[in-house]
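The listed protein sequences derive, respectively, from chains W and F.
Taking my numbering, I'd label the letters of the first sequence as residues 14 to 292.
Taking my numbering, I'd label the letters of the second sequence as residues 13 to 268.
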Amino acid sequence: MTEFLSLHDAIARFVRRGDSVALEGFTHLIPFAAGHEIIRQRLTDLTLVRMTPDLIYDQLIGCGCAKKLVFSWGGNPGVGSLHRLRDAVERGWPHPLEIEEHSHSAMAHAYAAGAANMPCAIFRGYLGSDLARVNPCIRSITCPFTGEVLASVPAVRPDVTVIHAQKADRRGNVLISGIVGVQKEAVLAAAKAVVTVEEIVDELGTEGTNAVVLPSWTIAAVVEAPGGARPSYAHGYYQRDNAFYTAWDEIARDRDRFTAWVDQEVRRAPSDRATRVTS
Amino acid sequence: MSYTSTEMMTVAAARALDNDDICFVGIGLPSAACNLARLTHAPRLTLVYESGTLETKPHVLPLSIGDGELCDTALSTVPVPEMFQYWLQGGRISVGFLGGAQVDRFGNLNSTVVGDYAKPKVRLPGSGGATEIATACHRIYIVMPHGPRAFVETLDFQTSLGHGRTGRERRALGLKTEGPTLIVTDLCTMRPDAETNEFEVATLHPGVTRETVLKNTGWAVRFRSDFGETPPPTDVELEALRDLKARTARAHGTAE
Chain W
14 MTEFLSLHDA
24 IARFVRRGDS
34 VALEGFTHLI
44 PFAAGHEIIR
54 QRLTDLTLVR
64 MTPDLIYDQL
74 IGCGCAKKLV
84 FSWGGNPGVG
94 SLHRLRDAVE
104 RGWPHPLEIE
114 EHSHSAMAHA
124 YAAGAANMPC
134 AIFRGYLGSD
144 LARVNPCIRS
154 ITCPFTGEVL
164 ASVPAVRPDV
174 TVIHAQKADR
184 RGNVLISGIV
194 GVQKEAVLAA
204 AKAVVTVEEI
214 VDELGTEGTN
224 AVVLPSWTIA
234 AVVEAPGGAR
244 PSYAHGYYQR
254 DNAFYTAWDE
264 IARDRDRFTA
274 WVDQEVRRAP
284 SDRATRVTS
Chain F
13 MSYTSTEMMT
23 VAAARALDND
33 DICFVGIGLP
43 SAACNLARLT
53 HAPRLTLVYE
63 SGTLETKPHV
73 LPLSIGDGEL
83 CDTALSTVPV
93 PEMFQYWLQG
103 GRISVGFLGG
113 AQVDRFGNLN
123 STVVGDYAKP
133 KVRLPGSGGA
143 TEIATACHRI
153 YIVMPHGPRA
163 FVETLDFQTS
173 LGHGRTGRER
183 RALGLKTEGP
193 TLIVTDLCTM
203 RPDAETNEFE
213 VATLHPGVTR
223 ETVLKNTGWA
233 VRFRSDFGET
243 PPPTDVELEA
253 LRDLKARTAR
263 AHGTAE
């Protein structure tokens with residue numbers, strides 16, 4: 014049964030120190046408000062899973078929440094580096110970060126395998142890439158029918174997946190539309206899922222041919238958190254704050270400036286406030 | 013009209029695309045080149061972005077691979093696993109555009125680290141879609157600015173396969189796709205030798221000398237015996253590109 018909780022209570026109840034956590038959303042609908050609540054609650058030793066770590070994992074890593082990162086593209090889209098991620102990998106600040114690095118195709122297949130209750134994903138991949146040399150989780154499997162050697166990676170099975178969606182209805186069914194990313198797979202692959210939403214409505218309605226609906230019985234908790242994806246965007250609600258993504262480059266470049274930003278914008282902010290970000 | 017070397021590079025890349033292509037587009041220069049082609053000589057060019065947007069026709073260039081603009085102007089938007097399973101791995105994409113921090117003479121690419129993987133000097137963003145784009149698309153165009161630290165004798169890390177360390181690895185790996193067939197830089201265009209798959213200068217951009225290319229290439233780059241000059245950008249191409257960039261800057265609230 015889906016529970017309707019405050020953001021504070023949902024994170025306190027369902028995310029534990031040491032968990033593997035996937036906060037997904039492919040550029041669109043990135044769950045920033047939930048990520049900030051994880052920072053406020055000082056959850057540490059997390060294994061963070063995400064195809065594109067984006068600014069939210071830069072912030073979590075810079076705050077020392079992560080023990081390990083499982084990812085496939087760690088940049089600031091259209092801008093450049095994630096400086097907190099780089100500082101952790103290159104100089105071990107605030108502490109060393111273990112990484113498990115994949116390609117997008119592998120991560121996408123691994124989420125789908127997790128949702129399908131498979132132990133591993135099988136796909137055509139990693140041919141001629143050094144990634145297979147540095148990541149022991151990249152292995153191969155022989156097709157029993159054709160003898161073809163295929164790539165295999167373990168299924169992603171997070172302890173908890175957190176996503177942001179446009180709407181939930183009063184029973185807790187959730188609707189995502191626009192760029193739907195890997196969220197359905199990330200929710201179904203996880204032991205439990207927390208969903209923040211822009212609004213709770215009487216009827217979900219159907220918007221767009223690519224709408225994804227997640228039934229309430231796949232979700233542990235729904236949180237009403239308007240603006241919860243900012244500075245990412247929520248299709249139909251608000252646009253991506255591209256200027257902030259650009260400004261982040263300067264904020265994150267310097268440890269002190271980053272820490273001051275987190276203190277001001279995250280740690281001292283109330284958890285029921287939508288993620289207000291000034292650029 | 014006068015133009016910059018980046019504009020020349022974008023125009024030269026755009027010209028390599030035609031109406032029948034189904035193109036897997038990356039952010040940055042590839043996105044500019046693909047949309048320029050669509051706005052000039054190849055209006056029926058099909059663009060696919062890895063965020064799941066099929067047949068998208070953005071009015072402005074996206075800052076990220078998943079901007080809402082791409083979804084709003086797409087024929088359909090599919091989930092990311094489906095994009096990689098059915099559309100990329102399924103063999104539906106004719107051209108993939110790639111770049112990276114380093115490329116070698118066989119079109120192998122590094123977008124992972126500078127220095128040692130375990131203790132990198134520079135940690136780069138990583139593969140993203142590149143590793144499987146490099147093997148699943150029918151052919152690959154590489155677009156990146158020339159420079160001795162980018163065009164290297166030996167990659168620090170091979171993120172994506174070109175023609176392999178010997179130039180002949182694709183067939184040995186059972187791949188039927190062509191791999192890189194074109195490199196476009198801000199100085200020249202390069203094509204692989206038919207026998208060895210080593211990239212050679214095919215055309216120099218106007219005003220660029222052989223010496224400049226030699227100085228900016230980390231391996232002893234060869235020139236095709238019939239190498240020529242890249243036709244300069246036409247006024248039509250430049251106006252379309254500048255309009256696109258100006259629209260984009262206005263939409264993103266950034267001055268250009």
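All C-beta atoms in this analysis are idealised placements derived from N, C-alpha and C, irrespective of residue type, glycine included.
Here the structure is a predicted model, which is why all the values come from computation and not from measurement.
| field | Cβ contact (3+ pairs, closer than 8 Å) linking the stretch 208 to 221 of chain F and the stretch 190 to 200 of chain F | value | Contact holds: three or more Cβ-Cβ distances are below 8 Å.
| request: May I have the straight-line CA-CA distance separating Pro283 (chain W) from Asp32 (chain W), to the nearest angstrom? | output: Roughly 24 Å separates the two Cα atoms.
| query | What span of residues does the beta strand (DSSP E) with Tyr251 (chain W) cover, start to end? | reply | Element bounds for Tyr251 (chain W): n/a, residue is neither H nor E.
| field | Below-8 Å beta-carbon distance, Asp143 (chain W) vs any chain F residue | value | yes
| request: In angstroms with no decimal places, state the Cα-to-Cα distance between Arg135 (chain F) and Val125 (chain F). | output: 5 Å
| field | Closer than 8 Å to chain W by CB, Ala267 (chain F) | value | Below a pLDDT of 50, predicted positions are generally treated as unreliable, and Ala267 (chain F), at 46, falls in that range; the measurement from the model is reported next regardless. False, the Cβ-Cβ gap to chain W never drops below 8 Å.
| Neighbour list for Glu62 (chain F) in chain W, Cβ cutoff strictly below 8 Å | Residues of chain W passing the Cβ test: His117.
| C-alpha distance - Ala232 (chain F) paired with Leu226 (chain F), whole-angstrom precision | C-alpha separation (whole angstroms): 7 Å.
| Between the C-alpha atoms of Asp22 (chain W) and Leu59 (chain W), what's the straight-line distance to the nearest angstrom? | C-alpha separation (whole angstroms): 18 Å.
| request: Assign Thr288 (chain W) to buried or exposed, taking buried as 16 or more other Cβ atoms, counted over all protein chains shown, within 10 Å of its Cβ. | output: With a pLDDT of only 45 at Thr288 (chain W), under 50, the local geometry of the prediction cannot be trusted, and the value read off the model is given with reservation. Label assigned to Thr288 (chain W): buried.
| query | How about Pro171 (chain W) and Ala202 (chain W): do their beta carbons lie closer than 8 Å? | reply | yes
| With burial defined as no fewer than 16 other Cβ atoms inside 10 Å of the residue's Cβ, what is the status of Gln114 (chain F): buried or exposed? | Under a 10 Å Cβ-count criterion, Gln114 (chain F) is classified as buried, with 16 or more other Cβ atoms of the shown protein chains found around its own Cβ.
| Of all the options F:Leu256, F:Glu62, F:Ala261, which has the alpha carbon lying nearest to the alpha carbon of Ala142 (chain F)? | F:Glu62
| Alpha-carbon to alpha-carbon, Ala123 (chain W) and Thr291 (chain W) | Residue confidence for Thr291 (chain W) is low, a pLDDT of 38 falling below 50, so the modelled location carries little weight and cannot support an answer.
| request: Please confirm if the stretch 244 to 251 of chain W is in contact with the stretch 33 to 51 of chain W, defined as three or more CB-CB distances below 8 Å between the two stretches. | output: Touching, yes.
| request: Along the beta strand (DSSP E) that carries Gly119 (chain F), what are the first and last residues, could you check? | output: Under the DSSP assignment, Gly119 (chain F) falls outside any beta strand (DSSP E); it carries neither an H nor an E label.
| Gly138 (chain F) CB to nearest chain W CB: under 8 Å? | yes
| According to a CB-to-CB cut-off of less than 7 Å, which residues of the stretch 174 to 199 of chain W neighbour chain F? | Gly191, Ile192, Val193, Gly194, Val195, Lys197, Glu198
| Distance between Ile135 (chain W) and Gly186 (chain F) (C-alpha atoms, nearest Å) | 17 Å
| Residues within the stretch 128 to 162 of chain F neighbouring chain W, beta-carbon criterion of under 9 Å | Residues are counted here when their Cβ sits less than 9 Å from a Cβ of chain W; for the stretch 128 to 162 of chain F these are Tyr129, Ala130, Lys131, Pro132, Lys133, Val134, Arg135, Leu136, Pro137, Gly138, Ser139, Gly140, Gly141, Ala142, Thr143, Glu144, Ile145, Ala146, Thr147, Ala148, given in chain order.
| query | Is it the case that the Cβ atoms of Leu217 (chain W) and Asn186 (chain W) are separated by a distance below 8 Å? | reply | Against a cut-off of 8 Å, the Cβ pair of Asn186 (chain W) and Leu217 (chain W) comes out as a contact.
| query | When you check each C-beta in the stretch 243 to 270 of chain W against every C-beta of chain F, which residues fall closer than 8 Å? | reply | Tyr246, His248, Gln252, Arg253, Asn255, Ala256, Tyr258, Thr259
| request: Please classify Glu268 (chain F): is it buried, with 16 or more other beta-carbons within 10 angstroms of its beta-carbon, or exposed? | output: With a pLDDT of only 41 at Glu268 (chain F), under 50, the local geometry of the prediction cannot be trusted, and no value is derived from it.
| query | Apart from the five residues on each side of it in sequence, which residues of its chain come closer than 7 Å, Cβ to Cβ, to Ser76 (chain F)? | reply | Ile39
| request: Could you name the residues that DSSP lists as bridge partners for Thr60 (chain W)? | output: W:Ser33, W:Lys81
| request: Return no unless some Cβ of chain F is closer than 8 Å to the Cβ of Thr291 (chain W). | output: Because the pLDDT at Thr291 (chain W) is just 38, under 50, the model does not fix this residue reliably, and the value given afterwards should be weighed accordingly. It does not: the Cβ of Thr291 (chain W) has no partner Cβ on chain F nearer than 8 Å.
| query | Could you give the C-beta distance for Val60 (chain F) and Phe36 (chain F), rounded to a whole number, given that I count them as a contact under 8 Å? | reply | Indeed they touch by this definition, with Cβ atoms about 5 Å apart.
| request: Output, in sequence order along the chain, the residues in the stretch 162 to 184 of chain F whose CB is closer than 7 Å to any CB in chain W. | output: Flagged, chain order: Phe169, Gln170, Thr171, Ser172, Leu173, Gly176, Glu181.
| By how many angstroms is the C-alpha of Arg29 (chain W) removed from the C-alpha of Ser88 (chain F)? | One C-alpha to the other measures close to 38 Å.
| field | Per-residue contacts from Arg99 (chain W) into chain F (C-beta, under 7 Å) | value | Arg135
| task | Give the straight-line distance between the Cα atoms of Arg259 (chain F) and Val72 (chain F), rounded to the nearest whole angstrom. | result | 6 Å
| field | Alpha-carbon to alpha-carbon, Ser118 (chain W) and Thr147 (chain F) | value | 12 Å
| query | Of the choices W:Lys205, W:Leu95, W:Ser85, whose alpha-carbon is the least far from that of Glu113 (chain W)? | reply | W:Ser85
| query | Considering only C-alpha positions, which residue in the set W:Val173, W:Val200, W:Arg152 is nearest to Leu163 (chain W)? | reply | W:Arg152
| query | Smallest Cα separation from Gly249 (chain W): which of F:Asn31, F:Asp79, F:Met20, F:Ala24? | reply | Comparing Cα positions, the closest option is F:Asp79.
| said: If we define contact as Cβ-Cβ less than 8 Å, is Leu61 (chain W) a contact residue for chain F? | reply: Chain F, which has no Cβ nearer than 8 Å to the Cβ of Leu61 (chain W), makes this no.
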